DNA sequence: TGCAATGTAAAACGATCGTTTTACATTGCG
DNA sequence: CGCAATGTAAAACGATCGTTTTACATTGCA
């Protein structure tokens with residue numbers, strides 16, 4: 082396994098569990114089993130490391146929601162929560178932690194949210210047989226809400242979102 | 082205006098805009114116009130200050146969502162976003178920043194989320210004429226989703242949630 | 001008048017931050 | 001063989017962290 086990918090994987094876990102700022106470089110190098118010199122040779126800075134983490138997470142996330150129906154979208158989120166836990170959206174969290182003032186992070190977050198919204202639009206179009214931007218916006222809200230309500234309500238929040246999405250889809254079909 | 086409430090108000094603004102950890106005590110004392118000695122006499126620690134901020138915010142938030150219908154709930158959120166901006170839920174953010182490991186903060190967040198969920202249940206019961214825990218869970222998800230999608234989609238996210246909630250309510254009535 | 005409370009300004013505390021540097025070991029390829 | 005690349009360990013960088021302390025000013029009340 083590559084040094085960079087090992088580092089990125091370890092960093093994602095630590096950033097996700099303890100927060101971006103609260104995670105020191107010592108914890109990162111120790112978790113990745115590398116020296117700080119190697120870390121800086123490879124990624125340049127802590128912010129750049131976070132940007133890499135977000136880009137990698139976006140890849141994994143987008144692969145998981147490569148589905149054809151709205152119901153499958155929420156089924157994918159149920160899987161995600163079961164496998165990766167529910168501590169809210171790492172993208173929004175890292176952006177908020179830095180007040181949006183770290184360009185590398187803010188850009189990675191913006192790219193992810195754009196891609197996510199576009200994907201939801203595609204899924205809605207496939208499921209409904211036509212585009213429906215209003216329904217897509219509602220599904221985005223339900224997905225985001227499930228992600229964050231799951232922090233304190235657990236997987237039930239995802240189930241609730243899934244059921245609500247089914248009602249909205251049924252109504253859009255009529 | 083009381084020293085403590087002036088400090089709490091200044092701290093809420095800074096914590097909300099720049100994050101809990103990223104905001105240093107110097108910025109807080111300067112914004113509140115007090116010395117660090119006075120700050121520590123009054124609140125004891127940074128974590129205790131954040132807990133006070135969250136408790137105060139909870140009071141203000143709960144007063145705003147003291148409504149009788151689901152639609153008014155989302156109208157209140159639209160007001161909140163217009164007045165206070167949209168940077169996500171400060172409760173979840175501060176909990177995530179500290180990894181849930183700061184008891185004073187974690188407790189304030191848990192209290193707020195419990196109160197919020199209970200309030201939504203009451204509003205749903207008033208609007209529908211009977212209790213409906215499943216609908217209440219869906220409204221919670223929509224509300225949380227609107228709060229977080231508004232970070233990157235603006236007030237439109239709240240409108241989408243509001244419309245979706247109306248559909249779910251209509252369906253629950255039938 | 002004098003004491004207690006409450007405040008400020010500013011220095012100092014040790015710890016830790018992200019980052020760079022120094023010095024040295026290992027390895028793979030010409 | 002020898003050099004370039006790539007790594008480690010560890011010290012050091014100046015800055016900043018949350019918190020405490022020292023020394024002093026102001027105020028309100030007995």
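Chains as they are written, first to last, in our numbering: chain A, 82 to 255; chain B, 82 to 255. Positions of the beta carbon are idealized from the N, C-alpha and C atoms, including for glycine. All of these numbers come straight from a predicted model, not from anything done at the bench.
query                                                                                                                 : result
Top-ranked residue by Cα proximity to residue 115 (chain B), from B:137, B:84, B:178                                  : B:84
Unbroken alpha helix (DSSP H) run spanning residue 182 (chain B), endpoints                                           : That residue, residue 182 (chain B), is in no alpha helix (DSSP H); it is neither H nor E in DSSP.
Residue 204 (chain A) vs residue 246 (chain A) beta-carbon contact at 7 Å                                             : no
Contact list for residue 135 (chain A) against chain B, beta-carbon separation under 7 Å                              : Residues of chain B passing the Cβ test: none, with the nearest at roughly 14 Å.
Test: residue 238 (chain B) CB closer than 7 Å to a CB of chain A                                                     : yes
Listed by chain order, chain B residues near residue 194 (chain A) by CB distance under 7 Å                           : 233
Buried or exposed (CB count within 10 angstroms, at least 16 for buried), residue 100 (chain B)                       : buried
Top-ranked residue by Cα proximity to residue 224 (chain B), from B:120, B:181, B:161, B:184                          : B:161
Members of the region 161-172 of chain B that neighbour chain A once the beta carbon cut-off is set at 8 Å            : 168, 169, 170
N- and C-terminal bounds of the alpha helix (DSSP H) containing residue 121 (chain B)                                 : 117-124
Sufficient close CB pairs (3 or more, under 8 Å) joining the region 126-146 of chain A to the region 87-95 of chain A : yes
Neighbouring residues, chain A, relative to residue 102 (chain B) (Cβ below 8 Å)                                      : 100, 102, 103, 178
Same chain, Cβ closer than 7 Å to residue 187 (chain B), five either side skipped, listed in chain order              : 176, 181
Presumed contact (8 Å Cβ cut-off) between residue 238 (chain B) and residue 227 (chain B), rounded CB distance        : 5 Å
Short CB-CB distance (under 7 Å) between residue 223 (chain B) and chain A                                            : yes
Closest by C-alpha distance to residue 194 (chain B), when choosing among B:142, B:255, B:87                          : B:142
Secondary structure of residue 140 (chain B), DSSP reduced to three states                                            : helix
Cβ-based burial, residue 126 (chain B) [other Cβ within 10 Å; buried from 16]                                         : exposed
Contact set between residue 248 (chain B) and chain A, taken where Cβ atoms lie within less than 8 Å                  : 248, 249, 252
Range of the contiguous alpha helix (DSSP H) that encloses residue 156 (chain A)                                      : 151-165
Buried/exposed call for residue 255 (chain A), threshold 16 Cβ in 10 Å                                                : exposed
Local Cβ density within 10 Å of residue 149 (chain B), reported as buried at 16 or more and exposed below that        : exposed
Same chain, Cβ closer than 6 Å to residue 38 (chain B), five either side skipped, listed in chain order               : Because residue 38 (chain B) is not part of the residues shown, which for chain B are 82 to 255, the question remains open.
Sub-7 Å separation of residue 107 (chain A) and residue 168 (chain A) beta-carbons                                    : no
From B:210, B:104, B:212, B:138, residue whose alpha carbon lies closest to that of residue 86 (chain B)              : B:138
Beta-carbon spacing of residue 249 (chain A), residue 222 (chain B) below 7 Å                                         : no
Assigned exposure category for residue 178 (chain A) - 16 Cβ within 10 Å defines buried                               : buried
Supposed close pair residue 172 (chain B), residue 135 (chain B) - CB separation, criterion 8 Å                       : 6 Å
Proximal residues to residue 207 (chain A) (C-beta, below 6 Å), its chain only, five neighbours per side dropped      : 149
Where the alpha helix (DSSP H) through residue 226 (chain B) begins and ends                                          : 214-234
Proximity winner among A:231, A:213, A:200, relative to residue 251 (chain A) (alpha-carbon distances)                : A:213
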